[in-house]
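As structure tokens, the structure follows; a few thoughts come after it.
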Amino acid sequence: MPSTRAKRSVEAPLFVLFLLLGIVGLAAPSVAAVGPHFAPTGTDWQRVAACESSGRWHTNTGNGYHGGLQFDNRTWRAYGGQSYAPRADLASQSQQIAVAERVVQDRGLSAWPVCGRLGATNHSSRDTASGSGARQAPSVNAPARQHEQSYGPTAGGSSSESARRTSGTSAHHGPSPTARTYVVRSGDCLSAIAHSAHVHGGTQGLYELNKQQLDEGPDHIYPGQRLTLRT
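The sequence shown begins at 1 in the UniProt record's numbering and counts up by one.
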């Protein structure tokens with residue numbers, strides 16, 4: 001018959017083993033819960049703002065997008081921006097970045113399908129999964145004429161809009177830094193063209209050069225339009 005001491009010597013390691021397994025079992029769901037919410041770190045918001053608004057953190061051109069990162073009011077409110085200011089352009093640079101970080105936590109840098117790539121130093125799995133970095137949104141019928149919105153993130157839109165915004169942006173790199181004119185292609189937006197061509201004054205400068213033909217505003221350009229890049 002085994003002694004009491006021998007029995008206890010066997011029970012002690014088993015107790016420790018069960019205890020460790022219990023701790024690991026509790027920790028695993030916590031790790032799994034954190035994983036999907038991981039967001040890219042090290043985003044250079046200065047570069048994103050330079051692309052979106054020529055680095056003007058308090059800009060409001062009246063086109064529905066505000067601040068350095070070009071938030072629309074719906075997105076600004078959805079991610080807590082109203083705790084800082086009614087609109088993004090009325091908030092400080094650090095406050096706009098704080099709201100942008102919340103957008104990234106939720107949607108990744110795909111919220112800025114063109115300019116987000118310029119500021120990304122680390123890409124999230126969301127962007128990789130989406131391929132082109134298109135925005136995720138409910139499906140709505142797309143208008144017959146292609147509208148290219150060049151400004152920051154929105155809280156909603158259409159999947160057709162996502163395809164329009166990103167179609168062709170990975171296939172070509174826009175105008176060269178020395179080109180004097182450029183023909184708009186599918187997927188282009190004014191801010192990306194201004195950035196690629198090193199246009200003086202950025203997006204606003206490019207818009208001013210072509211204001212006569214861009215009669216619907218800087219957020220509407222169409223394939224086939226020839227833009228003047230410099231005088």
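The beta carbon of each residue, even a glycine, is placed where N, CA and C say it ideally should be. Values in this document were obtained by computation on a predicted structure and should not be read as measured data.
{"query": "Cα-Cα separation, Asp188 to Ala88", "result": "25 Å"}
{"query": "Under the three-state DSSP convention, the category His66 falls into", "result": "strand"}
{"query": "First and last residue of the uninterrupted beta strand (DSSP E) at Tyr207", "result": "Premise fails: Tyr207 lies in the alpha helix (DSSP H), Gly202 to Leu209, not in any beta strand (DSSP E)."}
{"query": "Segment contact, 8 Å Cβ cut-off, at least three pairs: the region 101 to 119 with the region 55 to 63", "result": "no"}
{"query": "Member of Arg74, Asn73 and Gln96 whose CA lies at the smallest distance from the CA of Tyr84", "result": "Gln96"}
{"query": "Same chain, Cβ closer than 6 Å to Thr128, neighbours up to 5 away in sequence not counted", "result": "The predicted position of Thr128 is uncertain, since its pLDDT is 36 and thus under 50; a value taken from the coordinates is nonetheless stated next. Closer than 6 Å at Cβ, skipping near neighbours: no residue."}
{"query": "Contacts around His195, its chain only, beta-carbon distance under 6 Å, and the 5 residues preceding and following it disregarded", "result": "Cys51"}
{"query": "Nearest-angstrom Cα separation, counted from Asp72 out to Asp106", "result": "17 Å"}
{"query": "Identity of the residue in Gln212, Ser176 and Leu69 nearest Ala197 by Cα", "result": "Ser176"}
{"query": "Length-filtered (3 minimum) beta strand (DSSP E) runs lying within the region 53 to 107", "result": "none"}
{"query": "One or two residues paired with Tyr182 in a DSSP bridge", "result": "Leu227"}
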